[in-house]
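Undergrad:
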Amino acid sequence: MKLKKIPLIDLKPQYQSIEKTLNEVTLNVLSSSSYIIGENVKEFEKEFSKYLGVNNSISVGNGTDALIIALKALGIGQGDEVITTPYTFFATAESISFVGATPVFVDVKLDTFNIDPNKIEEKITSKTKAIMPVHIFGQPCDMDVINAIAKKHNLYVIEDAAQAIGSEYKGQKIGTLSDIATFSFFPTKNLGCAGDGGMIVTNNDSLATICKALRAHGSGENGQKAYNILNNTDENITEDNSNDNTVYNSLKYYNYLIGHNSRLDEIQAAILRVKLREIDKWNNARRENARFYNENLKDTNLVTPFEDKDVKHVYHLYILQSEKRAELVSYLSNKGISTGVYYPVPLHLQKAYKDLGYKEGDLPNAEYLSYRTFAIPMFAELTDEEKQYIIESIKGFGE
Ligand SMILES: *Cc1c(COP(=O)(O)O)cnc(C)c1O
């Protein structure tokens, strides 16, 4: 077979499959001249809530802001500790640090790569306010055990579901199994927009109101309601602003909380509404690809991904493990096959976290994985020919 380039994630075939609709909805937004929190954002939030089976969806500018705003809405800040995983994208811990709290890293399980619930309790202190599990690569964490620990110690649970849209734990959608959960619509995520975007979901209406206020400078009606919630007053008292003649939002220039400017724009929402209708199909295609890889690599020395029996994994990335990662990755690159290393440095060993005082050996499983794991191409539209070529190439390496 002729050498062809196979990227790790190719966004083009997905675009081509819905090109006409995406172009149309984008142009409709342009001609509507309503660009921020208009019809598409409102409808997308409703559709997202319905898809997950959750009461409130609050769209924001990106997945990192979603985490930051969720933490702030829970009142987490200076002096607090949040337990999380070191084997994740930096934004998980960064959001905790950003609000002034300290990330406390707990090692991961070698099979699922997710936080090991059995190691959480030993890290709980009087400062611990929350647990932030990450459903890494689309594999759900053991939420029953995590929630039981949280309940026992009176902690919040915030799911970082950036990589796990559509995945399920015991038949229930990820994002509905905690106090508050966040998603990212970064283009390469399973549900990606044409730029940056994020979502916060929660069944708690008060938290939702606070998040809505925080995404827009703590102003407006949501700002006022959030202020009232936080000050234990009647949430629906409205100040008399009758002298304000701002046409569309009489409270826009009344600020009740220190917030952010972090909103999903109408073009992104319009695109995401189209894509949300396809997400299950795309996730199932990813699962099919994973099955094909698993089946065809089982007689090699490579470790293939584990799928917990109670879950539906959505394979944001398909991760293999090899003792000879560097050689294999370069061998595949010469065959035109892209790979990626997720994640080469666990967060407790990142320079940015030097001051937390962790050293090599502290979280051995995360460190072990960071030396061995690599991703091979995974997206819904991979062709049989491409998958076959990838398998043949890996086998040609002789591992
Ligand atoms: C992508 C990602 C984020 C951040 O999302 P952005 O939209 O890029 O800000 C946070 N956590 C995890 C686990 C991610 O993969």
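If you're matching positions, the sequence shown starts at 1 in full-length UniProt numbering and goes up one per residue.
Heads up, the beta-carbon is just placed ideally off N, CA and C, and yes, glycines get one too.
On the three-state DSSP scale, how would you describe Q172?
TA: Under the three-state reduction of DSSP, Q172 is assigned to strand.
Undergrad: Would the beta-carbon of F306 be found less than 8 Å away from any heavy atom of ligand 1?
TA: no
Undergrad: Using DSSP's beta-bridge definition, name the partner residues of residue 400.
TA: A question about residue 400 goes unanswered here, because the residues of the chain that appear run from 1 up to 399.
Undergrad: Determine the DSSP secondary structure at D179, reduced to helix, strand or coil.
TA: coil
Undergrad: Where A285 and Y51 are concerned, what is the direct C-alpha to C-alpha distance, given to the nearest angstrom?
TA: Straight-line Cα distance between these residues: approximately 19 Å.
Undergrad: Let me check understanding here. Comparing Cα to Cα, which of K309, N204, S59 lies closest to K46?
TA: S59
Undergrad: Expressed to the nearest angstrom, what Euclidean distance is found between the alpha-carbon atoms of V274 and E24?
TA: 11 Å
Undergrad: For G197 and N62, which I take to be in contact (beta-carbon distance under 8 Å), what is that distance rounded to the nearest angstrom?
TA: 6 Å
Undergrad: Going by beta carbon distance, what residues of the same chain come within less than 7 Å of V41, once the five residues before and after it are set aside?
TA: The answer, listed in chain order, is S59, L264, E266, A269.
Undergrad: Confirm the yes/no value for this check: CB of L67, any heavy atom of ligand 1, distance under 8 Å.
TA: Yes, Cβ of L67 sits closer than 8 Å to a heavy atom of ligand 1.
Undergrad: Taking 8 Å as the cut-off, is the beta-carbon of T233 closer than that to any non-hydrogen atom of ligand 1?
TA: no
Undergrad: When the Cα atoms are used, what is the spatial distance from I391 to K351?
TA: 36 Å
Undergrad: What is the rounded straight-line gap between the Cα of K127 and the Cα of G79?
TA: 7 Å
Undergrad: Is any non-hydrogen atom of ligand 1 found closer than 8 Å to the C-beta of F292, if you look at the structure I gave you?
TA: Checking every heavy atom of ligand 1 against the Cβ of F292, none is found closer than 8 Å.
Undergrad: For M199, write down the residues that DSSP places opposite it in a beta bridge.
TA: S59, F183
Undergrad: Do three or more CB pairs link the region 70 to 86 to the region 286 to 306 at distances below 8 Å?
TA: no
Undergrad: Note the first and the last residue of the continuous alpha helix (DSSP H) segment covering A146.
TA: Per the sequence shown, the amino acid found at residue 146 is Ile instead of Ala. Start and end: 143 to 153.
Undergrad: Measuring straight from C-alpha to C-alpha, what distance separates Y358 and H348?
TA: 6 Å
Undergrad: Is it buried or exposed for I165, if we count other Cβ within 10 angstroms and need 16 for buried?
TA: When all chains shown are included, I165 counts as buried.
Undergrad: Under 8 Å: does the beta carbon of G63 sit that close to some heavy atom of ligand 1?
TA: yes
Undergrad: The beta strand (DSSP E) that contains L318, what's its start and end?
TA: The sequence as given places Tyr at residue 318; Leu does not occur at that position. Under the DSSP assignment, Y318 falls in the beta strand (DSSP E) whose first and last residues are 318 to 321.
Undergrad: Any idea which residues DSSP pairs A216 with across the strands?
TA: DSSP, once it has assigned bridges, lists N261 as partnering A216.
Undergrad: Please list the segments of the alpha helix (DSSP H) lying wholly inside the region 320 to 393, counting only runs of 4 or more residues, in order along the chain.
TA: Here the runs fully enclosed are 325 to 334, 364 to 372.
Undergrad: How far does the alpha helix (DSSP H) with D280 in it extend, from its first residue to its last?
TA: 279 to 297
Undergrad: Give me the DSSP bridge partner(s) of V157.
TA: I131
Undergrad: Can you tell me which of the three DSSP states K312 falls into?
TA: strand
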